[in-house]
Amino acid sequence: MYVKNISATDNNRYLDVCIYTNDQCIKHEETRSIDFRTRYIQEWCEDCSEILYIKNYYDHHDTTKQYMFIEEDCKLCVKLINQVSFGPKMCSDCYYISSGWIKSTLFEKLIPILYLPWWDTSNKSSVCSHNLKFITDNQKWCPYCFIIYSGCRYCLTTNIIFGITDQTQCKKCERVSTIDIDITNISSGNHNIDEFLVSTRTNIDNHNKIANYMNNTNKNFDPLNVYNFIDHELKNISSKRIMEWIPYSRIKNLEKIAEGGFGIIYKATWFKTDVAVKRFLQSRDISNFLNEVKSLHRCYDTIFIVKYYGITQDPEIKDYMLIMEYAGGGDLHNYLRKNFIDIKWTTKLTILCQISDGLKTIHNENFIHRDFHSGNILSLKNDHKKWVIGDLGLSQPANNSSNNEIYGVIPYVAPEIFKGGAFSKESDIYSLGMIMWELTSGRKPFFNVEHDINLIYQIIDEKRPKRPIITNDTPECYSNLIKRCLDSDPSKRPSITEIKEAADDWYKKCRKSAIFRKAEETRTELIRSKQLGPEFVEKQHPSAIYTSRPLNSFISQPSSVNSSSPISKQDYTSKPLNSFISQASSVNSSSTISKRVYVSEEYEFDIQSSKIETEDSNYLKSSKSSTNSQYISTELDFDIETNTQRLTTLDEMNMSSADQNSLNTQHSNAVYTSRPLSVLISNVKNNSELNIKS
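Here the sequence shown is numbered in my numbering, starting from 7 and rising by one per residue.
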């Protein structure tokens, strides 16, 4: 019908087709020449003409047919098409692309639109390559990247809209088409949350790129190059997971499994999949909640950071909740406690490689974790072959000094924080050093003492008489790296890149390295001789808290200390939880201390570490040079063998029986949950005038 209605003067301006012509036709009196072909639509014959393809129809994901019929001239204007390279091309005069801006119906902002003079038949998004969903016969969209394709069936043109709107207009015939899209997966009812949900799918920088690209096209521009532009310049969100709004009714079987300072963790089911659900308590103020989800999205490009699926809200309590992947293997410390004698050095290095990789991603995004400890390192499955970093709720840009809240687990907090310093990448490295030590000992730091102001004094004291008790099986290069991480001077701590490179190098060489082969032999012998293992000392102090919590209130009670007076003996006494931080302060280095009474002398950490042997320094330097080393978690061989004899005792170098007995009882006030520490720290800062009496 369309062909019959075309007049003799219309030429082919409405339809650019490639027509195949049979060499014989029963309606023609004479046989046509083999060289004859129907060139114009007016020469169409129902019996001997056949349309091979319509050039106005184009699928940039499948160009097989277009490559079969490459033409040198335009069928519409007979203009020679510049064939610089092999492949289908279109006439820039007859297929003129234009662009513009239209209003988004989500946030009343302008979004870009491309007007393509052909019908786009692709079934995948140009931006993210996900499958498109049809809205109508001539409209389709991608719920992943929010790109809309609206075609005009009268003109065979397509409008590509980079965002959500409710209508569009054909550039040629000016017909207006309405667009009806279901956006419930980004509609929370809160403007700030909705704006974030949209930002996980779109990129405002792309809008300017599109405008600049269209402004710089010339008359010889091949219209099809617009797809190359999209492929190379706009495909920047496909590697990141989108965040969606999930109706609360879809979350089933909530089971409380943990509780921390900011919220409660549940195990639940979502679409027949086990997930973890984190409830943010009193999250009507959504600042902390949004901070975590934004941090997760920024740091998503690694397999060693916990993944997320979406956001929901309890309709009754109004608390916001984050749906994440479920870590069925538990946290790192519980794994060490239950399996320590079976964990070989290859496994320890694998864990270090994975968590340093995750922390490197965070630091590369110029973020800091601020609450890094073994309870936030999670195993996704019971085989414990993959470890991820979780709980990024406190993460924030490294240059953000507006949040002075001290929150975390005291033993993992760097000493400069208790002196009033800001969280930094270096404070994350200190926490990593504690985790590295935990891998060697199987114990939490300071587990047998009360986590109070006295412990903070021990952490900030630069004259601690003992350094961490390193197990005899620990290679010197590894122990030296721990000491550097725990250096009281943040500037002397290694970067996460150096740690990652060293860990990767150690892992690659550990099976053939004499150093790590000897370490494994020593570890096995210590276990057999009942000198290594955490079981007999795992009597944790009741006030040792290892979940994150606010710590500002820890340093509030003043005391009188004269820092210039000599100190012969210092007696630390417990103080109420909400009254610690304002009285703790850095003790003047001119004070002389001849003797101090600490609750747990065995766990005092000397993090000065100024003397590191040349041999191990050279070893680290050599590992640093392996910048191009590749590390793939799925190919790591853990080689965890189950020992036939389960011998678990503590290895303490040169420890007396009395010392070992003291480790068997955990201090009642040792606290290992993250909590605000600011109040504890204010004590440290205000204590320069304190008078310590012997």
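Where is the CB? At the ideal position from N, CA and C, for every residue including glycine.
Just grab the DSSP bridge partners of Thr142 for me. Gln145
Test item: CB-CB of Phe286 and Tyr326 under 9 Å: yes
How far does the alpha helix (DSSP H) with Asp510 in it reach, from first residue to last? Ile502 to Lys515
Indicate the three-state DSSP secondary structure (helix, strand or coil) for Met249 in the structure shown. coil
How would you call Gly195, buried or exposed, if buried means at least 16 neighbouring beta carbons within 10 angstroms? exposed
Tell whether a beta-carbon distance below 9 Å holds between Asp211 and Ile166. no
Ignore the nearest five residues each way along the sequence and tell me which others in Thr446's own chain have a CB closer than 6 Å to its CB. Thr477 and Thr480
Using only alpha-carbon positions, find the residue among Gln288, Ile103 and Lys146 that is nearest to Ile323. Gln288
Would you say Asp200 and Leu122 are within 9 Å of each other, going by their C-beta atoms? no
Residues near His369 by beta carbon distance below 6 Å, same chain, minus five either side: Lys431 and Ile502
Kindly list the residues whose CB is nearer than 6 Å to the CB of Thr275, restricted to its own chain and excluding five residues on each side of it in sequence; keep chain order. Lys258 and Asn259
For a test of the three-state rule: what should DSSP assign to Asp280, helix, strand or coil? strand
Could you pull out every residue in the same chain whose Cβ sits closer than 6 Å to the Cβ of Ile441, ignoring the five residues on either side in sequence? Ser380
Would you check if the region 346-353 and the region 519-534 touch, i.e. whether three or more CB-CB distances between them fall below 8 Å? yes
What is the C-beta distance between Lys387 and Gly335, in whole angstroms, given that I count them as a contact (C-beta under 8 Å)? 5 Å
Just the Cα atoms here: how many angstroms apart are Glu621 and Lys489? Low per-residue confidence applies at Glu621: pLDDT is 41, beneath 50, and the placement is therefore not dependable enough to give any value.
Please state if the CB of Ile465 and the CB of Pro496 are separated by a distance shorter than 9 Å. no
On the DSSP letters alone, give me the boundaries of the alpha helix (DSSP H) that Gly6 sits inside. Residue 6 lies beyond the range of the chain shown here (7 to 700); nothing can be said about it.
Express the C-alpha separation of Val204 and Ser293 in angstroms, rounding to a whole number. 18 Å
Status (buried if at least 16 other CB within 10 Å, exposed otherwise) for Glu507: buried
Which residue marks the beginning of the beta strand (DSSP E) containing Lys109, and which one marks its end? Ser104 to Lys109
Who are Phe168's beta bridge partners in DSSP? Ile153
Is DSSP giving Ser632 helix, strand or coil here? Confidence in Ser632 is poor, its pLDDT being 43 and thus under 50, which makes the residue's placement unreliable; the coordinate value appears in the next sentence. In this structure, Ser632 counts as coil in the three-state DSSP scheme.
Residues near Ser519 in its chain [Cβ-Cβ closer than 8 Å; skip 5 each side]: Trp512
Going by C-alpha distance, which of Phe310, Asp397 and Asp377 is nearest Gln363? Note that residue 363 is Asp in the sequence shown, not Gln. Comparing Cα positions, the closest option is Phe310.
Member of Asn191, Asn198 and Ile236 whose CA lies at the smallest distance from the CA of Lys130: Ile236
Are Cys491 and Ile423 close, meaning C-beta to C-beta below 9 Å? no
Own chain residues within Cβ distance below 7 Å of Arg1, not counting five before or after: The structure shown does not extend to residue 1, since the chain is modelled only from 7 to 700, so the question has no answer here.
Opposing strand residues paired with Glu261 [DSSP bridges]: Lys273
Through-space distance from Val394 to Ile505, alpha-carbon basis: 17 Å
Taking Cβ to Cβ, would you say Arg523 is nearer than 9 Å to Gly414? no
Quick check on DSSP: helix, strand or coil for Lys178? coil
Reduced DSSP category for Glu56 - H, G, I as helix; E, B as strand; rest coil: strand
Using 9 Å as the threshold, is the C-beta distance between Val283 and Met220 below it? no
Buried or exposed: where does Ser104 fall if 16 or more other Cβ atoms within 10 Å of its Cβ makes it buried? exposed
Can you give the Cα-Cα distance for Glu298 and Phe373, rounded to whole angstroms? 12 Å
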